[in-house]
Each structure stands twice: as structure tokens, then as C-alpha cells.
Amino acid sequence: MADLNTLVRARYSTASLKTPNRSAANGTNGSDPVKTPDLPAVPAALETILKHKSVRHFLPDATLPANTLEVLVAAGQSAPTSSNLQAWSVVAIQDPDRKAKLSELSGNQAFIRDASLILVFAADLHRAQVASSVVPDHKGEALAYTEMFLVAALDAAFAAQNVFVAAESLGLGGCYVGAARNHPREVAALLNLPPRVVGLFALAIGVPDRTQPAVVAPVKPRLPVNEVLHRENWDDTNQKASFEVYDKELAAFNNAQRLNQPVWTKRAAARVATVGSLHGRHELKEILQERSFELL
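Read left to right, the sequence shown gives residues 1 to 296 (this note's numbering).
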């Protein structure tokens, strides 16, 4: 078992640990802001989180152990939820034909078809609407407001991340599928979603194909910690210098893994360059309103 310092430092490139400091007020006052507490052993949950990587190569004919789905959903339901509203639901897909259709609607990505299990997480205000209908003098007026959609979306995200960590702790791999929002009307029809329910993203889960280099590769380095950690107040001093450091390190990682991918700044810029970069998701507000999310 790796020690905590090794696990944390592996999440960042060597150079990104020594990026230019923010202002002296940030409290680091040194070139290596990543410090870890001394622990007699690394908690298993923390090790699972720090070793996370997205897996897109699954054994296509693998079957998950019995009752895995129920355990994963229990993990999801153990996540925090605003006011205990539990404003999310999930649709589990294992049928090959339905997985193939979802893949077609989500960028035609092969790993969606190969995964043993697809979980489509949905913002669900339908349940609260039904609850309002059975309690006298409660009209559910607040369901029309953007805040309630945000609550439902956050609840779904919290639950999904719990599910993902649980799956990895069981030796499984997974990958989020944001492309499930490319055709939300069609996804809603495929899953027979009622009004005030909308699919937000999917999570593909399966047995990793460890013959694939990408599966056994090191974890991908993230942005320097000072790029996302602000102490006491916002400070983006030396931000472009941080980008330069990270671009070099990510390029080295990509080259080592033979990945033909752009560096972070180019990829981030391309992702927000045009409306076309949204791959159809620019209609999300209209679609939410069609599905009875008024967003007042």
C-alpha cells in the first residue's frame, strides 16, 4: 500500500508542485504547497479516491457479481441531499440493444456498449411534485424555480460520485458520459422519463480490460493545487505561468501514453470556443422547460 504523501503527489506532476506561488498571503510561503498529515495507514476510501482514473476499456462480456447494482445504489443514497429531498433518480441499463441506442445518442462511444452497466442519473422533481399532490394545501409552487433544478442536479452529482467511488472500491472501472446530454429529448423518450425529470449524465461501469495500456497507465496529472486552492480570498496571481507548467506536464503524460490530445489550455479554449462546441447542448434551457422545469 502506498503512503499518503506518494498518493497525493502522484496526482500532480513534479513541476506543478513547484509552480509560482500566489501572493505571500496565501500561507504556503514555499515552492511545494502539497503537504499531507502523518497517518499510521492510508484509509482505504482515500486511497481509492486518490487513485481514480476514468476507464473506457471494459471486458465486453463481463458480468458483474450478483447484487452489485443494489450496493452501488445504496452508496449513492448515502450521499448528502439537500433537505433530505433526495431529488434524483437513476435508470440502470444492461440490455445490449438499449446500451447500443444510448451509445448512438451519446457520441457513438464504444465503451458505452461494452460496459456491463450504464447508470443514467436524472434530476428528479417529479417525486416532490407527487408528494405535494398528496399533502393538502401544498401546491408545490417552489418547483418552478431554478433553485430547485439546481438542488436536483447537485443531489444527482453527489450520489453519482458516491456510486463511482464505491464501484472503484469493488475493483470495477467507470467513466462519466456527459454526451448523454447531446440528445436529451431522445434519451428521455428512450428511458420513458416523466415530466420534471431530465437525464443529466450517464456513468458506464464494468470490469476494466487490464490488457489495455490506458487502463494500467499512471493517474493523469491535474492542475497545480494553487490553481484551484484559494486561501481566505480569491488570488489568481501567476495564473498563465501555472497554465504553462501544466501544459508541459500534460503534454509529457500524453506523449508517454501515446495519446494524441491537445494540451490543457488548447483543449479548454476549444471546449468553449463556439456554440458548436456544445454538441447540441446549447438547447438545454429550452429542453428543461419542455420537461416542465420552468426555471423561474
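We put the CB at the ideal spot given by N, CA and C, even for glycine. Values in this document were obtained by computation on a predicted structure and should not be read as measured data.
Beta-carbon proximity check, residue i vs residue j, cutoff 8 Å
i: alanine 167; j: isoleucine 205; result: yes
i: leucine 203; j: phenylalanine 121; result: yes
i: leucine 50; j: arginine 11; result: yes
i: glycine 76; j: asparagine 182; result: no
i: leucine 69; j: alanine 92; result: yes
i: leucine 102; j: glutamate 47; result: no
i: serine 242; j: glutamate 232; result: no
i: valine 197; j: histidine 126; result: yes
i: phenylalanine 58; j: valine 165; result: no
i: serine 89; j: aspartate 124; result: yes
Residue interval of the beta strand (DSSP E) (run including residue i)
i: tyrosine 176; result: 173 to 177
i: phenylalanine 121; result: 117 to 124
i: serine 89; result: 88 to 93
According to DSSP, residues forming a beta bridge with residue i
i: alanine 204; result: Ile118 and Cys175
i: valine 198; result: Ala123
i: phenylalanine 58; result: Pro208
Same chain, Cβ closer than 8 Å to residue i, five either side skipped, listed in chain order
i: arginine 258; result: Pro213
i: alanine 251; result: Val263
i: lysine 285; result: Leu295
Spatial neighbours of residue i in its chain, beta-carbon cut-off 7 Å, leaving aside the 5 residues before and after
i: leucine 4; result: Thr36, Leu39 and Val42
i: arginine 185; result: Ile287
Close-in-space but distant-in-sequence residues of the same chain around residue i (CB under 6 Å, 5 per side omitted)
i: threonine 146; result: Leu295
i: threonine 81; result: Asp155
i: arginine 56; result: Phe111 and Cys175
For residue i, the first and last residue of its enclosing alpha helix (DSSP H)
i: glycine 276; result: Premise fails: glycine 276 is in no alpha helix (DSSP H) and is neither H nor E.
i: phenylalanine 293; result: It is not in any alpha helix (DSSP H) - phenylalanine 293 carries neither H nor E in the DSSP assignment.
i: valine 245; result: 239 to 256
i: proline 184; result: 184 to 191
i: serine 300; result: Because the chain here runs from 1 to 296, residue 300 falls outside it and cannot be looked at.
i: glycine 76; result: 68 to 77
i: leucine 4; result: 4 to 10
i: leucine 46; result: 44 to 50
* **Inter-stretch contact at 8 Å, needing at least 3 Cβ pairs: the region 277 to 287 / the region 119 to 139** => no
* To do: Assess, as a yes-or-no matter, whether the region 186 to 205 is touched by the region 235 to 253 under the definition of 3 or more beta carbon pairs within less than 8 Å.
  => no
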